[in-house]
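Asker: Quick note on the numbering used here: the sequence shown kicks off at 0 and runs consecutively.
The structure under discussion is supplied below as structure tokens; questions concerning it will follow.
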Amino acid sequence: MKKLSLVFSFLIIVQLGFAQEFIELPYEESTTVKWEHQEKQYFSEIWKTEVVTNVSVPTLQVFQPKKPNGTSVIIAPGGALYAHSINSEGRDVAKWLADKGITAFVLKYRLVPTGQDAVQEYSTEGKTDPSRITERIAAVFPLSIADGLSAVSYVRENAKKYQLDPNKIGFMGFSAGGAVTMGVAYNYKDKDRPDFIVPVYAWTSAYPVQEAPENAPDMLVICASDDSLGLAPGSIEIYNSWIKAGQRPELHMYAKGGHGFGLKKQGLPADHWIQRFYEWSVAQGITSTSN
């Protein structure tokens with residue numbers, strides 16, 4: 000089917016020093032994946048965090064600083080492709096970046112269609128029928144990656160509007176969002192190529208590591224050795240694939256942090272990974288400290 004056009008965009012000025020805008024991205028409708036329930040946001044008692052579920056239409060929430068420095072980051076939250084951990088791996092990250100002058104775009108990419116409590120559904124299937132999870136995410140991953148590529152295209156096409164450098168567009172993703180990040184890195188064309196990527200404890204067991212693409216973007220990899228899903232080796236594999244391609248990636252592997260730390264505070268060095276990202280982006284010439 001033909002791509003749908005942008006259908007809404009509105010601006011909210013908040014007291015945090017940046018503006019927020021909501022954008023519906025163009026996307027190809029799926030002929031195989033169907034959603035019966037509307038998008039929903041709620042606090043998950045199981046994951047102890049705010050989540051968004053049943054995303055069937057990809058959107059961007061824009062966090063624009065008062066004085067943009069030209070750098071932008073698209074943020075893909077994690078949540079096993081059943082949900083988005085929308086705050087600690089999304090909006091809270093965007094606010095932190097906007098405070099540094101970086102324009103942030105929180106991407107709600109399409110998710111597995113579920114019932115009223117997607118997290119409970121995922122937890123139950125994980126205990127009783129893990130193969131069902133694999134089957135369901137396999138159907139949706141191509142759509143989620145397409146949404147990531149659409150987000151990069153949108154930001155680049157609208158760089159002037161947001162006072163951005165079209166050659167300083169990054170993509171940062173957590174867990175399942177990290178898998179989407181790598182999907183974007185493996186499948187881009189010129190118009191939707193990210194200039195740098197930040198896979199944070201990327202879900203490589205669900206979306207396996209591939210060879211680094213030609214003209215691979217700059218990359219910073221973040222993970223913890225004690226990741227409860229065992230994702231540390233996959234993050235190292237991503238790093239090594241860039242090295243083999245002659246690139247110069249950076250890897251921060253924390254001894255402790257677990258999985259899904261995002262911007263949660265645990266009293267650990269991993270709490271400060273985002274500051275390390277900022278320092279890396281400045282050292283790489285991706286981010287300017289004056290704006």
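Ideal Cβ placement from N, Cα and C applies to all residues, glycine included.
Note that the coordinates shown come from a computational prediction; the quantities given were computed from them, not determined experimentally.
1. Considering only the alpha carbon of each residue, which of P248, Y81 and P232 lies closest to Q119?
2. I'd like the list of long-range same chain contacts for K255, defined as Cβ closer than 7 Å, with 5 residues on each side in sequence excluded.
3. Please identify the residue among N239, L59 and F42 whose C-alpha is closest to the C-alpha of T52.
4. Can V32 and P112 be called in contact, C-beta distance under 8 Å?
5. Excluding the 5 residues preceding and the 5 following D128 in the sequence, name in chain order all residues of the same chain whose CB lies nearer than 6 Å to its CB.
6. By DSSP, does D189 sit in helix, in strand, or in coil?
7. How would you write the range of the beta strand (DSSP E) that E49 sits in, first residue to last?
8. Quick one: measure Cβ to Cβ for F195 and I285, integer angstroms, because I've assumed they're closer than 8 Å.
9. Rounded to whole angstroms, what is the Cα-Cα separation between K1 and H271?
10. Using the rule of at least 16 other Cβ atoms within 10 Å of the residue's Cβ for burial, across every protein chain shown, is T58 buried or exposed?
11. How far does the beta strand (DSSP E) with E35 in it reach, from first residue to last?
12. Could you tell me whether the Cβ atoms of G233 and G77 are closer together than 8 Å?
13. Can you look up T127 in the DSSP assignment and give me helix, strand or coil?
Answerer: By the coordinates alone:
1. Y81
2. A223, D225, L267 and A269
3. F42
4. yes
5. none
6. helix
7. T48 to T52
8. 6 Å
9. Low local confidence applies: a pLDDT of 39 at K1 is under 50, so the model's placement there is unreliable, and no value is given.
10. buried
11. Where E35 is concerned, there is no enclosing beta strand (DSSP E), given that its DSSP letter is neither H nor E.
12. no
13. helix
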